[in-house]
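If you read the protein sequences in the order shown, they are chains A and B.
Position one of the first sequence corresponds to residue -17 (our numbering), numbered consecutively onward.
Position one of the second sequence corresponds to residue 942 (our numbering), numbered consecutively onward.
Glycine included, each C-beta is placed from N, C-alpha and C at the ideal position.
Structure record follows, encoded as structure tokens.
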Amino acid sequence: MDYVLLTEQFLNGFQLGIILFLMAAGLTLVFGIMDLVNLSHGSMFMIGAFVGGTLALVTGSFIFGVILMIPAMLVIGIVVERISLQTLYARDHLDQVLATFGLILFFNEAVRLIWGPEGLVVPLPDFVDGSVALGAGITYPVYRIVIIVLGLLVALGLYLLVSRTRIGMLIRAGASNRAMAGALGVNIPMLFSVVFGIGAVLAGLAGLIITPITAAQIGMGEDVLILAFVVIVIGGIGSIRGAFIASILTGVIDTMGRSFLDVFLLLFLPENAAESAGPALSSMLIYVLMAAILFFRPQGLFPPKGA
Amino acid sequence: MDALRNPTNILSAIVIGLCAIVPFAAPAVGEPFYVIVFARIMIWAIAAVSLNLIMGYGGMISFGHAVYLGVGGYTIGILAFHGVTSAWIQWPLAIGACALISLIFGAISLRTRGVYFIMITLALAQMIFFLSVSAERYGSDDGLNILTRSDFGVEFYDLNHKLTMYYTIFAVLVASVFVSWRLVNSRFGLVMRGAKSNDTRVQAVGVSTYLYRLSAFVIAGVMCGIAGLLQANLENFVSPDMMDWRRSGELIFMVVLGGMSTLFGPVTGAFVFLMLSEVLASITHHWHIIFGPFLVLVVLFARGGIAGLLTPRSARE
């Protein structure tokens, strides 16, 4: 097996893991704190890509696009939360799933009306176009390295925010005992809005940074959303640390599986069988992983304390 | 009999009655197209009835129920692709495949509760969905055409005959409602409903609910699989789209719209859902922009669905 390819695919998997983490972090926070199953998180991914992409095209700078996207998504997230989700907190999970499913239909169609059915192509900024040599004969696209570094910085920032700041303390208090935190004077509705806004920004950021690679498309967030569900189920709902580890695990296993499973199968299967079984099995790999983990640990790898 | 004479049951009787006469009524009013529309509606209704069995009565919110439509359909499609067209082989295999897959999926997902259950059923369904997408031999994304419908080998029962196909679907729909009715009102159903409202208490009485819930999950999977094999025969086509996660979401909505935990609710729900989509789609191409908020409004303000709206407040539980 070729170690150059192996490293490249590992990095690709890591980069997918970073995208998944940005999605899963918001999802797991919203679920852990508000006990809300939010399918429309996938729409935030898509809206971030379209809004941020448009801002980038208008200002002519991808960096401005990213910077302007952050307040835009914060506002969009808070507005969505205030208008449609607040009444859902008291409802059961079924109602939440259905209502946010309705929101997905709405947002997909709204994006189709505004940006047209073709989607939006955002060019890769010049200064990150091209590849860089990592040594030992490995070259890797600069932009993907930027995604990885950015994602790691966001993860670190999120960790510091949750564990070292006052708002993080309130978030943790709200997550472990909502009623008690409210009784002690924490403005719970306000806290929910802020957390939802942060989640929307993270999802929007994930959508936007992937756009120069894949282009912004209608419904682009939904496959990522389902993968993010797998991630938070593996990681343990409500746990940021679990979400991070499970994201990277899922991203790497999925990507490596797609590239190397058929090679691996060749070791004990005839060639044509391995070639047809490879793609089929590799697309199922992470779900098998999830099923296996749940079989032994139904609460995920890192169930949050006190939950 | 008075207990049966309420608006909900009258509406259900109208819908079922309508389904029964459409093959004759539709051509008579010059809209023969409605025969196929009703056949499709009835297939979704069967799937919705099966979902209601576990979701409405058992409290198991499966967000991947459409996968059994796909499994049932693809079994027919793949067998037909390899030249096996006899219904006596196809149908038992399709049912067996659905039973096996729902047994495995149920065994895994029933170890969990609440939101984990929702997400796991979704993820497991996605697994089969991606399997069908990556199966190049069977058409991947483009789907698989089925050249011959299931062949029962007898002259008087031929699914290529329009009326035979239609009334087969109709009979399966009536049978599935009947089966749910019998199940729900049996000891089995009692345990299932008990486990929904308080699982710990039912276990404390000495009943192991896991096996009951798993059996219900498999029965619902098989019932939905039968809807899938009918759909494959009706459309002469299967594709991964049948088990797209949106179909599972729509199935949940049909059940809730009609009235969860009511016998005929899923049937009226499927009927209203598909008719409404048909009407909205004819008004505007962008009908989802109306349909999405409509869905939210139903969830927020009409929790009992149509059955709930028709039941007088005093008669509700």
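Keeping to the same chain, check which residues put their C-beta closer than 7 angstroms to that of residue i; ignore five residues upstream and five downstream.
i: Met272(A); result: Val212, Val215, Ile216
i: Arg64(A); result: Ser175
i: Thr1150(B); result: Val1132, Ala1136, Asp1140, Val1143, Gln1144
i: Glu1258(B); result: Low per-residue confidence applies at Glu1258(B): pLDDT is 48, beneath 50, and the placement is therefore not dependable enough to give any value.
i: Ala1035(B); result: Gly1013, Thr1016, Ile1017, Gly1166, Leu1170
i: Thr1053(B); result: Ile1061
i: Ser239(A); result: Note on residue identity: the sequence assigns Gly, not Ser, to residue 239(A). Cβ neighbours of Gly239(A) beyond the five flanking positions: Ser264, Leu267.
i: Gly24(A); result: Ile86, Gly203, Glu204, Val206, Leu207
May I ask which residues mark the beginning and end of the alpha helix (DSSP H) holding residue i?
i: Pro968(B); result: 948 to 969
i: Pro194(A); result: 170 to 196
i: Phe89(A); result: 75 to 97
i: Asn159(A); result: Taken as a continuous stretch (DSSP letters only), Asn159(A) belongs to no alpha helix (DSSP H), as it is neither H nor E.
i: Phe13(A); result: -15 to 16
i: Gly1169(B); result: 1150 to 1176
i: His1226(B); result: Looking at the DSSP string, His1226(B) is not in any alpha helix (DSSP H), and its letter there is neither H nor E.
I'd like the list of long-range same chain contacts for residue i, defined as Cβ closer than 8 angstroms, with 5 residues on each side in sequence excluded.
i: Phe46(A); result: Leu37, Ala38
i: Asn1177(B); result: Asn1086, Ile1087, Leu1088, Arg1090
i: Leu247(A); result: Ala255, Ala256, Ala259, Gly260, Leu263
i: Ile227(A); result: Gly217, Leu283, Phe284
i: Leu1204(B); result: Ser953, Val1118, Ser1121, Trp1122, Val1125
Span of the beta strand (DSSP E) holding residue i?
i: Leu1204(B); result: Neither: Leu1204(B) is in no beta strand (DSSP E) and is coded neither H nor E.
i: Ala115(A); result: 113 to 117
i: Tyr1108(B); result: That residue, Tyr1108(B), is in no beta strand (DSSP E); its alpha helix (DSSP H) goes 1103 to 1125.
i: Tyr122(A); result: 120 to 123
Closer than 9 angstroms, CB to CB, is residue i near chain B or not?
i: Tyr269(A); result: yes
i: Val103(A); result: no
i: Thr312(A); result: This structure cannot settle anything about residue 312(A), because the visible part of chain A is limited to -17 through 289.
i: Val299(A); result: In this structure chain A extends from -17 to 289, so residue 299(A) is not present and cannot be described.
i: Ser258(A); result: yes
i: Ser241(A); result: no
i: Pro53(A); result: no
i: Asn254(A); result: no
i: Glu100(A); result: no
i: Arg73(A); result: yes
i: Ile86(A); result: yes
i: Ala155(A); result: no
i: Asn90(A); result: yes
i: Met272(A); result: yes
i: Val79(A); result: yes
i: Leu249(A); result: no
i: Gly288(A); result: Because the pLDDT of Gly288(A) is 46, which lies under 50, any placement of that residue in the model is unreliable, and the question is left without a value.
i: Met266(A); result: yes
Assuming residue i and residue j form a contact by the criterion Cβ under 8 angstroms, report the distance between their Cβ atoms to the nearest whole angstrom.
i: Leu1114(B); j: Ala986(B); result: 6 angstroms
i: Tyr975(B); j: Ala988(B); result: With a Cβ gap of about 20 angstroms, Tyr975(B) and Ala988(B) do not count as contacting.
i: Met1184(B); j: Ala1066(B); result: 6 angstroms
i: Val1008(B); j: Phe1070(B); result: 7 angstroms
i: Ala188(A); j: Met55(A); result: Going by Cβ atoms, the distance from Ala188(A) to Met55(A) rounds to 11 angstroms, so no, they are not a contact pair.
i: Ile984(B); j: Ala1168(B); result: 5 angstroms
i: Gly(-1)(A); j: Val234(A); result: 6 angstroms
i: Gly997(B); j: Met1164(B); result: Their Cβ separation, rounded to whole angstroms, is 13 angstroms, which puts Gly997(B) and Met1164(B) out of contact at 8 angstroms.
Closer than 9 angstroms, CB to CB, is residue i near chain A or not?
i: Leu1100(B); result: no
i: Gly1263(B); result: Residue 1263(B) lies beyond the range of chain B shown here (942 to 1258); nothing can be said about it.
i: Val1056(B); result: yes
i: Ser1075(B); result: yes
i: His1229(B); result: yes
i: Gly1047(B); result: no
i: Phe1004(B); result: yes
i: Gly1233(B); result: yes
i: Leu1236(B); result: yes
i: Ala1064(B); result: yes
i: Trp1186(B); result: yes
i: Phe1194(B); result: yes
i: Arg1052(B); result: yes
i: Phe1071(B); result: yes
i: Met1068(B); result: yes
i: Ile1019(B); result: no
i: Glu1258(B); result: A caution first: Glu1258(B) carries a pLDDT of 48, below 50, which makes its placement in the model too unreliable to give a value.
Residues in its own chain within less than 6 angstroms of residue i by CB, not counting five upstream and five downstream?
i: Val79(A); result: Val19
i: Gly1199(B); result: Gly1206, Pro1207, Thr1209, Gly1210, Gly1246, Ile1247
i: Val183(A); result: Ile52, Met55, Leu56
i: Arg1188(B); result: Ala1007
i: Gly288(A); result: Bear in mind that the predicted position of Gly288(A) carries a pLDDT of just 46, short of 50, making it unreliable; the figure below should be weighed with that in mind. Answer for Gly288(A): Ser158, listed in chain order.
Complete beta strand (DSSP E) runs within the segment 1017 to 1099 of chain B (minimum length 3 residues, chain order):
none
For the segment 203 to 284 of chain A, which segments carrying the beta strand (DSSP E) assignment without a break, of at least 3 residues, lie completely within its bounds, in sequence order?
none
Chain-ordered residues of the segment 121 to 132 of chain A with a beta carbon less than 9 angstroms from chain C:
Looking at the structure shown, chain C is missing, and the protein chains on hand are A and B.
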